[in-house]
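Enquirer:
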């Protein structure tokens with residue numbers, strides 16, 4: 014009898030591995046590198062990436078927040094002659110200007126208070142490889158001037174130093190802003206814009222390639238299943254209809270966030286409307302078209318969204334899931350323990366929200382975008398769960 018159980022377990026594991034291999038092959042046929050998409054717009058982008066990658070020129074990636082600009086930059090690097098060297102990424106909007114210069118170019122000992130030793134910057138780490146400058150439209154004017162020198166002469170000086178440092182780096186920049194408009198308003202250097210805009214790569218927003226939504230859903234469900242040891246097989250027709258009608262202001266990131274959350278909190282093999290964020294089906298959400306990011310091909314614009322990445326090991330979400338593993342199993346097998354179930358679901362929701370708050374440095378507005386909910390509903394849920 015034990016042998017039968019062991020044999021069945023091995024057969025199940027073998028079948029699971031075969032399914033994973035077939036899934037990877039299927040994903041590969043529906044995208045390029047790590048970018049998922051099969052629409053004409055995305056296939057055109059994949060073709061352009063392949064053509065541009067082999068040419069050692071500066072690339073400017075354009076697209077709204079959450080469209081996958083770093084994935085595109087990484088794909089260009091991996092298909093270039095520099096693929097065996099470092100790909101170094103930095104978000105220019107995430108670091109204050111006075112610290113960004115030191116991060117990019119390094120500093121000498123004694124350059125400022127606390128500079129007890131020489132520090133090598135990102136550009137030197139990227140020497141021979143590719144430097145990805147995300148959200149370059151947020152870089153201040155002083156750094157723009159220094160960046161222009163790097164593009165023109167491949168050299169710079171560390172903060173507090175007078176020694177010229179030479180580097181061989183390919184620069185890929187990205188922005189969710191219309192840089193030509195920023196130039197017109199005097200917020201971005203025209204000469205730097207021309208240097209960066211040698212080869213522009215435009216990523217369409219998800220609302221303009223809705224045909225990709227089903228394959229993205231499939232990809233993110235599989236990804237979440239692997240990450241959280243779940244066995245969700247798909248989504249209901251009702252959920253698919255909601256997803257296809259939604260504008261996705263946070264683009265692919267928002268879709269990934271919603272799917273990840275739904276898989277974590279799911280009670281069965283098929284995701285239903287009950288597994289979605291509380292306000293996901295609100296009419297107001299379906300009509301969302303506020304403007305904080307730029308649609309580069311029209312006057313229409315959409316809200317950006319922060320990215321909900323997989324929680325770090327030992328974080329509040331992982332702790333909540335670990336502590337309630339037995340009850341989650343009971344839920345899935347239909348054990349009648351409604352009060353306890355509700356308490357454990359609230360623990361998981363609290364873990365999700367705390368992870369998102371920590372990721373976004375406790376900024377409520379960004380955390381709401383991060384989770385795909387409205388700020389009002391986030392605050393209400395925080396109050397209910399006792400999060401201050």
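Numbering (my numbering), first residue to last: 14 to 401. Glycine included, C-beta positions come from ideal geometry on N, C-alpha and C.
DSSP three-state call for residue 306: helix, strand or coil?
Expert: With a pLDDT of 39 at residue 306, under the threshold of 50, the modelled position of that residue is not reliable, and the figure given next carries that caveat. Three-state result, residue 306: strand.
Enquirer: For residue 97 and residue 47, I'd like the C-alpha separation in whole angstroms.
Expert: Between residue 97 and residue 47, the C-alpha separation is close to 18 Å.
Enquirer: Give the list of continuous alpha helix (DSSP H) stretches no shorter than 4 residues that lie fully inside the segment 60-113.
Expert: Runs of the alpha helix (DSSP H) inside the segment 60-113: 82-91.
Enquirer: Do you know how far the Cα of residue 101 is from the Cα of residue 205?
Expert: So the two alpha carbons sit approximately 20 Å from each other.
Enquirer: Measure the alpha-carbon distance for residue 384 versus residue 373 and round it to whole angstroms.
Expert: Whole-angstrom Cα-Cα distance: 11 Å.
Enquirer: Determine the contact status of residue 261 and residue 220, defining contact as a CB-CB distance below 8 Å.
Expert: Cβ distance < 8 Å, so residue 261 and residue 220 count as in contact.
Enquirer: For the alpha helix (DSSP H) containing residue 227, list its first residue and its last residue.
Expert: 226-241 is the span of the alpha helix (DSSP H), which, as asked, contains residue 227.
Enquirer: Quick check on the burial criterion: 16 or more other C-beta atoms within 10 angstroms. Buried or exposed for residue 257?
Expert: Residue 257 comes out exposed.
Enquirer: Quick check on the burial criterion: 16 or more other C-beta atoms within 10 angstroms. Buried or exposed for residue 3?
Expert: Outside the displayed range of the chain (14 to 401) lies residue 3, so it cannot be described from this structure.
Enquirer: Which term fits residue 110, buried or exposed, when burial requires 16 or more other beta carbons within 10 angstroms of its beta carbon?
Expert: Label assigned to residue 110: exposed.
Enquirer: Considering only DSSP beta bridges, list what residue 183 is partnered with.
Expert: Answer by DSSP bridge pairing, in chain order: 143.
Enquirer: Going by DSSP in three states, residue 366 sits in which element: helix, strand or coil?
Expert: Residue 366: helix per DSSP, three-state reduction.
Enquirer: Is it true that the CB of residue 70 sits closer than 8 Å to the CB of residue 89?
Expert: Going by C-beta atoms, residue 89 is not nearer than 8 Å to residue 70.
Enquirer: State the DSSP-derived secondary structure class of residue 247, mapped to helix, strand or coil.
Expert: Residue state, collapsed to three classes: strand.
Enquirer: How long is the line joining the alpha carbons of residue 199 and residue 76, rounded to whole angstroms?
Expert: So the two alpha carbons sit approximately 21 Å from each other.
Enquirer: Are three or more beta carbon pairs between the segment 133-141 and the segment 104-119 nearer than 8 Å?
Expert: Yes: the two stretches touch, three or more of their Cβ pairs being nearer than 8 Å.
Enquirer: If you draw a straight line from the C-alpha of residue 152 to the C-alpha of residue 216, how long is it?
Expert: Whole-angstrom Cα-Cα distance: 21 Å.
Enquirer: Please determine, among 139, 130, 242, 165, the residue with the shortest C-alpha to C-alpha distance to residue 95.
Expert: When only C-alpha atoms are compared, the closest one is 139.
Enquirer: Which residues share a DSSP beta bridge with residue 473?
Expert: Lying outside 14 to 401, the shown extent of the chain, residue 473 is not represented and no answer is given.
Enquirer: Is there at least one Cβ from chain D nearer than 8 Å to residue 99's Cβ?
Expert: The structure shown contains no chain D; it holds only a single protein chain.
Enquirer: Report the residue from 237, 212, 226, 283 whose alpha carbon sits nearest the alpha carbon of residue 259.
Expert: Closest by alpha carbon: 226.
Enquirer: Below 8 Å on the Cβ atoms is my guess for residue 214 versus residue 74; work out the distance and round it to an integer in Å.
Expert: Contact holds; Cβ gap of about 5 Å.
Enquirer: Can you list, in chain order, the residues of its chain whose CB lies under 7 Å from that of residue 9, leaving out five sequence neighbours each side?
Expert: With the chain represented from 14 up to 401, any question about residue 9 goes unanswered, as that position is not in the structure.
Enquirer: Where does residue 394 sit, in a helix, a strand or coil, going by DSSP?
Expert: In the structure shown, residue 394 sits in a helix (DSSP, three-state: H, G or I).
Enquirer: I need the boundaries of the beta strand (DSSP E) containing residue 214, first residue and last residue.
Expert: Looking at the DSSP string, the run of the beta strand (DSSP E) that includes residue 214 is 212-215.
Enquirer: Report yes or no: do the segment 235-242 and the segment 272-290 share at least 3 C-beta pairs separated by less than 8 Å?
Expert: Short answer: they touch.
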